[in-house]
Amino acid sequence: MTERTDEPGGEVAADETERFWEGHYQARDRVWSGRANPALVDVAGALPPGTALDIGCGEGGDGVWLAGRGWRVTAVDVSGTALGRASASAAGAGVAARIDFQRHDLARTFPDGVFDLVSAHYLHAPIEFPRERILRAAASAVAPGGLLLIVDHAGPPPWARDPHPHAVFPGPEEVLAGLALSPAEWRTERLGSAERPATGPDGEPGTLTDSVIAVRRGTR
Ligand SMILES: C[S@@+](CC[C@H](N)C(=O)[O-])C[C@H]1O[C@@H](n2cnc3c(N)ncnc32)[C@H](O)[C@@H]1O
Numbered sequence: 001m002t003e004r005t006d007e008p009g010g011e012v013a014a015d016e017t018e019r020f021w022e023g024h025y026q027a028r029d030r031v032w033s034g035r036a037n038p039a040l041v042d043v044a045g046a047l048p049p050g051t052a053l054d055i056g057c058g059e060g061g062d063g064v065w066l067a068g069r070g071w072r073v074t075a076v077d078v079s080g081t082a083l084g085r086a087s088a089s090a091a092g093a094g095v096a097a098r099i100d101f102q103r104h105d106l107a108r109t110f111p112d113g114v115f116d117l118v119s120a121h122y123l124h125a126p127i128e129f130p131r132e133r134i135l136r137a138a139a140s141a142v143a144p145g146g147l148l149l150i151v152d153h154a155g156p157p158p159w160a161r162d163p164h165p166h167a168v169f170p171g172p173e174e175v176l177a178g179l180a181l182s183p184a185e186w187r188t189e190r191l192g193s194a195e196r197p198a199t200g201p202d203g204e205p206g207t208l209t210d211s212v213i214a215v216r217r218g219t220r
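Note that the working numbering has the sequence shown beginning at 1, numbered continuously upward.
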């Protein structure tokens, strides 16, 4: 769920972002499945391992999967609770040495360096945050020849009883346009939707649709 908060002045106080996401994670022992996201497996499964940056890594399912395939991963989230769980998961999988967990509010600070793969999966929030600016910073962190992968929810889940009234789900074309990438430097490899099976909170089966944007930076 994303609200249109990319306009100038659409920022929230840093402590509000952290408070919201800490509350989200502390409300439950585990929020996500711990498995890698299907679109990541689909796209990165075909790539040779290199360096990866996962922004909004949550409990670390994607980072652990990448590290298990030989990637050196930097995994970032604003929630220390989520990062603690991700770190424990990495240790349990024997890949802790290949993941550098960093806590950032990406609206304020961004990890140093450039990466062969920069991945942003479901970087949505029901509170204001400058998503487009963060995604542009993510594009800047892609190394020459590297890939930026953005995967968004294309809409609310079929079992959502009370979707947020102001929720907006930008389509893949809109997300790509918001990155303002130079066509001379970037090549679009994926731009569309992908479906995946999922289970609702009461055990109901359903199908979720994602928007998938994958763009590769030229080597110049
Ligand atoms: C919907 S969750 C997705 C988590 C993970 N990527 C996944 O696919 O399971 C969004 C994540 O982004 C993080 N996040 C949201 N705003 C952030 C910000 N400003 N800086 C850093 N992380 C942020 C949240 O803490 C949360 O873990």
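Here a beta-carbon is modelled for each residue, glycine too, at the ideal position from N, C-alpha and C.
Report yes if the C-beta of residue 58 is less than 7 Å from at least one heavy atom of ligand 1; otherwise report no. yes
If residue 217 sits next to residue 144, beta carbons under 8 Å apart, how far is it from one beta carbon to the other, in whole angstroms? 6 Å
Among all the DSSP beta bridges, which residues are the ones paired with residue 199? 205
Beta-ladder partner(s) of residue 188, from DSSP: 215
Residue 124 - DSSP class collapsed to helix/strand/coil: coil
Can you tell which of 126, 66, 22 and 159 has its C-alpha closest to the C-alpha of residue 203? 159
Any idea if residue 130 is buried or exposed, counting beta-carbon neighbours within 10 angstroms, 16 or more meaning buried? buried
Under three-state DSSP, which class holds residue 153? strand
Please work out which residues of its chain come closer than 6 Å, Cβ to Cβ, to residue 43, disregarding the five sequence neighbours upstream and downstream, and give them in chain order. 149 and 214
Roughly how many angstroms separate the alpha carbons of residue 153 and residue 97, rounded to a whole number? 31 Å
Note down, in chain order, each residue of its chain lying with its Cβ closer than 6 Å to the Cβ of residue 190, except the 5 sequence neighbours on either side. 212 and 214
Name the DSSP bridge partner or partners of residue 109? None; residue 109 has no bridge partner.
Stretch-stretch touch, CB-based, cutoff 8 Å, three pairs: the stretch 80-98 with the stretch 15-28: yes
How is residue 117 classed by DSSP in three states: helix, strand or coil? strand
Contacting residues, own chain, Cβ-Cβ under 6 Å from residue 114 (five flanking each side not counted): 141 and 143
Along the chain, where does the beta strand (DSSP E) that runs through residue 251 open and close? Absent from the structure is residue 251, since the part of the chain shown begins at 1 and ends at 220.
Within this structure, are the beta carbons of residue 197 and residue 209 separated by less than 8 Å? no
With a threshold of 7 Å on Cβ separation, who are the neighbours of residue 93 within its own chain once the five nearest residues in sequence on each side are excluded? 64 and 68
Is it buried or exposed for residue 126, if we count other Cβ within 10 angstroms and need 16 for buried? exposed
By the three-class DSSP mapping on this structure, what secondary structure does residue 16 have? helix
So, helix, strand or coil for residue 145, using DSSP? strand
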